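Going line by line, the protein sequences match chains A and B. So for the first sequence, this note's numbering puts the first residue at 1; every next one is plus one. So for the second sequence, this note's numbering puts the first residue at 1001; every next one is plus one. One structure is given here, and the rest of the page talks about it.
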Amino acid sequence: MNTIETSSVLYTHYERKEGNQQTTHYCPGCGHGVIQKMIASAIEELGVQNRAIFLSPVGCSVFSYYYYDTGNIQCSHGRAPAVGTGVKRVLPDSVVVCYQGDGDLAGIGMTEIIHAANRGEQLTVFFINNATYGMTGGQMAPTTLLHEKTLTTPFGRESERDGKPLAMAEVIASLDAPAYVRRCAVSSTKELLRTREAVRIGLKNQVDKLGFSFIEILSPCPTNWKMSAVESRNHIEQVMKQFYPLKTFVDKRPENVCIKNNSFPLMNDDELLSLLTGDLTARSFESPVIDSPKTITIAGFGGQGILSGGTLLANSAMAHGLDVSWLPSYGPEMRGGKASVTVIVSDSSIPSPLDEKPDFLLAMNGPSLQYYKDKVKTGGTIIVNSTLVDDEIGRDDVNVYGIPATAMAQEALIPSAASVVMVTSLAVLSEVVSVFSLKESLNASLKRRELLDANMDLMKTAENYITSNFLVNNYNKKV
Amino acid sequence: MKNLVKCDVQRCKGCYVCISHCPKGCLTIDSSINSQGYVPVSTVSEADCIGCGMCVLSCPEPFALKVIKENKDRVCKSA
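Next comes the structure, spelled out in structure tokens:
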């Protein structure tokens, strides 16, 4: 005796659901249940239940994780293809089911779907098109048909005012990468059988690693269409199919090109650090003597290497095993705008990277000195770029040093390295980081590695300048 | 023994899509109301079910319908 019944990939009892745990939360006659049963059957048939991950969207099907006895992730609105990309790259053998409605995929998540399709991610996307925002009460969706009345188009959708309906299968098919693009419907008996076939093909493509599959399914929403379940199926047959032709747009299965593994190699923290910094030697120096968190603000204009100077300092402190925060602030212009960076170094966790009262201020130009000088803590230190600044500080409760940073950097033919001079000065004049660790961290902090030697020479020049001039010649006496 | 459609009346939401998809008229609207307030479908005893499973395929509610087939030789696909 054989039976035909719902696949056991769906739970029979919905433990996660509140209220009645025997029936789904869908309205009577909803297309979601029909399609989700088909997907469950296909998962069972392919024998991939233990590696299937169902991505629930936002919309009526947000609670799909009530029903699927598979892996489940509930994604942010429209972001299922992005989440799927991540899952698939980390777990290349998983079978990821991206299940999205029209508001989710064609409205809010248009960016994600287009780029995932264009990259040819190994995903199967089921696009449930019922031409309305169902969960929120039937507002116009990108796929709403012309002249269709919705909550937000009470006179009917007009192309001149609201644009024409978006045919997503055609949009996806216009891209080069997708392996399988098809539109079907859950209306008549014939279309149900075709949809079942398409669902199986879409998932099998992923198992066979053929690439990106996109199955658009015209699905009824009896509640928001204000029809009976049977009428809504007739509406798909008679009206929706006119605008959304049911056919296979792309089918690259005959080419049988198995996509190569496009996932990244898995790395541990040390390997990642090595990849990103190209340098592991500058680590684990003896910790410098700091008894409390120190805040260093470097401020000037864009192009002086402010942020890079902060990176150098932060990397160097990290090499000492200290906790570090690096908080940049800059205008939209890459050169000439205001720029500053606040670096906090600490021997314990840093609760917030925000600190308006620095212990050390490295002022690279006049305006930033004026802005920050009164914020420096009593007993703190101000180092000014004396090439560009000759303003009065007007405070006697801070230490002040003047370094001709810009002049020294220009002399070394790397004008953007003025901040390196300033940070070196800080290292020599304070105990926050050592000059040695600064030099060792330079390679990891430089964007242009070919300038490593020039920067190293500049650091030595700065170090010599400071050791020979201070503590005799401070800024106020310089004038 | 004949092929048989079985309806779990507590799961049926009374959308009657299955009735419109049955080629043999095996299903009809029941006279009872279930605990959810829906009027479920029931089977027509004298009808000749061919075991095609379209009712199960078209039904939006998991586990509301199942078809028990008499013929052992034919391979069935789950719907």
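C-beta atoms are modelled at their ideal positions from N, C-alpha and C, and glycine is treated no differently. All values reported here derive from a predicted model rather than from experimental measurement.
Chain A contact for residue i (CB, 9 Å cutoff)
{"i": "residue 1069 of chain B", "result": "yes"}
{"i": "residue 1056 of chain B", "result": "yes"}
{"i": "residue 1050 of chain B", "result": "no"}
{"i": "residue 1025 of chain B", "result": "no"}
{"i": "residue 1059 of chain B", "result": "yes"}
{"i": "residue 1019 of chain B", "result": "yes"}
{"i": "residue 1002 of chain B", "result": "no"}
Burial state of residue i, where buried means 16 or more other Cβ atoms lie within 10 Å
{"i": "residue 214 of chain A", "result": "buried"}
{"i": "residue 37 of chain A", "result": "buried"}
{"i": "residue 466 of chain A", "result": "buried"}
{"i": "residue 16 of chain A", "result": "exposed"}
{"i": "residue 1051 of chain B", "result": "buried"}
{"i": "residue 59 of chain A", "result": "buried"}
{"i": "residue 233 of chain A", "result": "buried"}
{"i": "residue 354 of chain A", "result": "exposed"}
{"i": "residue 124 of chain A", "result": "buried"}
{"i": "residue 264 of chain A", "result": "exposed"}
{"i": "residue 255 of chain A", "result": "exposed"}
{"i": "residue 161 of chain A", "result": "exposed"}
{"i": "residue 1067 of chain B", "result": "buried"}
{"i": "residue 492 of chain A", "result": "Because residue 492 of chain A is not part of the residues shown, which for chain A are 1 to 479, the question remains open."}
Endpoints, the beta strand (DSSP E) within which residue i is located
{"i": "residue 98 of chain A", "result": "95 to 101"}
{"i": "residue 328 of chain A", "result": "323 to 330"}
{"i": "residue 1002 of chain B", "result": "No beta strand (DSSP E) holds residue 1002 of chain B; DSSP gives it neither H nor E."}
{"i": "residue 184 of chain A", "result": "180 to 185"}
{"i": "residue 402 of chain A", "result": "399 to 403"}
{"i": "residue 216 of chain A", "result": "213 to 218"}
{"i": "residue 251 of chain A", "result": "248 to 251"}
{"i": "residue 470 of chain A", "result": "Looking at the DSSP string, residue 470 of chain A is not in any beta strand (DSSP E), and its letter there is neither H nor E."}
{"i": "residue 385 of chain A", "result": "381 to 385"}
Supposed contact pair residue j and residue i - C-beta distance, whole angstroms, cut 8 Å
{"i": "residue 304 of chain A", "j": "residue 418 of chain A", "result": "5 Å"}
{"i": "residue 296 of chain A", "j": "residue 358 of chain A", "result": "6 Å"}
{"i": "residue 57 of chain A", "j": "residue 101 of chain A", "result": "6 Å"}
{"i": "residue 106 of chain A", "j": "residue 141 of chain A", "result": "7 Å"}
9 Å Cβ cutoff, residue i in contact with chain B
{"i": "residue 78 of chain A", "result": "no"}
{"i": "residue 235 of chain A", "result": "no"}
{"i": "residue 228 of chain A", "result": "yes"}
{"i": "residue 242 of chain A", "result": "no"}
{"i": "residue 38 of chain A", "result": "yes"}
{"i": "residue 109 of chain A", "result": "no"}
{"i": "residue 22 of chain A", "result": "yes"}
{"i": "residue 83 of chain A", "result": "no"}
{"i": "residue 89 of chain A", "result": "no"}
{"i": "residue 46 of chain A", "result": "no"}
{"i": "residue 222 of chain A", "result": "yes"}
{"i": "residue 60 of chain A", "result": "no"}
{"i": "residue 99 of chain A", "result": "no"}
{"i": "residue 189 of chain A", "result": "yes"}
{"i": "residue 120 of chain A", "result": "no"}
{"i": "residue 28 of chain A", "result": "yes"}
{"i": "residue 196 of chain A", "result": "yes"}
{"i": "residue 18 of chain A", "result": "no"}
{"i": "residue 2 of chain A", "result": "yes"}
{"i": "residue 34 of chain A", "result": "yes"}
Nonlocal neighbours in the same chain, by C-beta distance under 6 Å from residue i, ignoring five residues either side
{"i": "residue 1017 of chain B", "result": "1058"}
{"i": "residue 398 of chain A", "result": "376, 380 and 382"}
{"i": "residue 378 of chain A", "result": "397"}
{"i": "residue 311 of chain A", "result": "445"}
{"i": "residue 314 of chain A", "result": "324, 326 and 343"}
{"i": "residue 1048 of chain B", "result": "1024"}
{"i": "residue 149 of chain A", "result": "156"}
Cutoff 8 Å; reference residue i; Cβ partners in own chain excluding five residues on either side
{"i": "residue 159 of chain A", "result": "146"}
{"i": "residue 282 of chain A", "result": "The predicted model places residue 282 of chain A with a pLDDT of 49, which falls under 50 and marks its position as unreliable, so this point remains unresolved."}
{"i": "residue 175 of chain A", "result": "114, 117 and 118"}
Continuous alpha helix (DSSP H) stretch holding residue i: start and end
{"i": "residue 308 of chain A", "result": "306 to 319"}
{"i": "residue 35 of chain A", "result": "31 to 46"}
{"i": "residue 350 of chain A", "result": "Premise fails: residue 350 of chain A is in no alpha helix (DSSP H) and is neither H nor E."}
{"i": "residue 1020 of chain B", "result": "1017 to 1021"}
{"i": "residue 190 of chain A", "result": "189 to 207"}
{"i": "residue 339 of chain A", "result": "Residue 339 of chain A -> not in any alpha helix (DSSP H); beta strand (DSSP E) instead, spanning 338 to 346."}
{"i": "residue 111 of chain A", "result": "110 to 119"}
Neighbourhood of residue i by C-beta distance below 7 Å, restricted to the same chain and skipping five residues each side
{"i": "residue 479 of chain A", "result": "Reliability of the predicted coordinates at residue 479 of chain A is poor, the pLDDT of 33 falling under 50, and the value obtained from them is presented with this limitation in mind. Around residue 479 of chain A: 390."}
{"i": "residue 1042 of chain B", "result": "1007, 1028 and 1030"}
{"i": "residue 24 of chain A", "result": "33 and 67"}
{"i": "residue 424 of chain A", "result": "435, 438, 459, 462 and 463"}
{"i": "residue 484 of chain A", "result": "In the structure as shown, chain A begins at 1 and stops at 479. Residue 484 of chain A is therefore absent and cannot be evaluated."}
CB contact check: residue i to chain D, cutoff 9 Å
{"i": "residue 1015 of chain B", "result": "Of the chains in the structure shown, none is chain D; the protein chains are A and B."}
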